[in-house]
Amino acid sequence: MKMASQHIEPEAREVYERMIEVFFYAKPLDDLKETVHQEFFGYGTAAHEFFESRSELQKMAKLQAEQLRQQKFEISRKKVMEKLLADGTSCLLVEEFELYL
826 MKMASQHIEP EAREVYERMI EVFFYAKPLD DLKETVHQEF FGYGTAAHEF FESRSELQKM
886 AKLQAEQLRQ QKFEISRKKV MEKLLADGTS CLLVEEFELY L
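Heads up, the sequence shown is in my numbering, so the first residue is 826 and it goes up one at a time.
See the structure below:
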């Protein structure tokens, strides 16, 4: 897949990285309250992982944390695209993840 990129504010990337830390690296779920907008919209890595709010995202993060709690794993990440959306207050971040258990 060809990578398209556009300037994304460092704060947007930081929020995304903090969200990834909650999902994969046991950072407390409460961090999502500080970093993710209440009306968050996004997709996960599987077809059923579709989020229309921060609370839906928190439920998935909790489930994933429980599933990975005692697992040893490695993650490979590849940035596909970063794009600032037309309103200037939102961005699209797309990555490919490979999870090795």
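The beta-carbon is built from N, C-alpha and C at its ideal position, and this holds for glycine as well.
Since we're looking at a predicted model, the values are computed, not measured.
Exercise. Ordered along the chain, which non-local residues of its own chain (more than five positions away) have a Cβ less than 6 Å from that of residue 853?
Worked result: As a working note, residue 853 is residue 28 in the sequence shown. Nothing listed; no residue qualifies.
Exercise. Per DSSP, residue 867 is paired with what?
Worked result: For the purposes of this step, residue 867 is taken as the residue at position 42 of the sequence shown. DSSP output for residue 867 lists 876 as bridge partner(s).
Exercise. Can you round the beta-carbon distance between residue 904 and residue 920 to whole angstroms, since I take them to be within the 8 Å contact cut?
Worked result: If you number the sequence shown from 1, residue 904 lands on position 79. If you number the sequence shown from 1, residue 920 lands on position 95. The pair is a contact, with the Cβ atoms about 5 Å apart (cut-off 8 Å).
Exercise. When the Cβ atoms of the stretch 876-885 are set against those of the stretch 897-912, are three or more pairs found closer than 8 Å?
Worked result: Flag = no, the stretch 876-885 and the stretch 897-912 do not touch.
For this session: Assuming residue 843 contacts residue 860 (C-beta within less than 8 Å), just tell me the rounded distance between them.
Result: The residue you call residue 843 lines up with position 18 of the sequence shown. The residue you call residue 860 lines up with position 35 of the sequence shown. That pair is a contact at about 5 Å.
Exercise. Residue 841 lies in the alpha helix (DSSP H); which residues open and close that run?
Worked result: For the purposes of this step, residue 841 is taken as the residue at position 16 of the sequence shown. Membership of residue 841 in the alpha helix (DSSP H) is indicated by the continuous run 835-849.
Exercise. Any chance the CB of residue 913 is under 7 Å from a heavy atom of the ligand FAD?
Worked result: No copy of the ligand FAD occurs in the structure displayed, which carries no ligand at all.
For this session: Could you pull out every residue in the same chain whose Cβ sits closer than 6 Å to the Cβ of residue 825, ignoring the five residues on either side in sequence?
Result: Because the chain is modelled from 826 through 926, residue 825 falls outside the range shown and cannot be assessed.
For this session: Kindly list the residues whose CB is nearer than 6 Å to the CB of residue 841, restricted to its own chain and excluding five residues on each side of it in sequence; keep chain order.
Result: Numbered from 1 along the sequence shown, position 16 holds the residue referred to as residue 841. Same-chain partners within the cutoff: 918.
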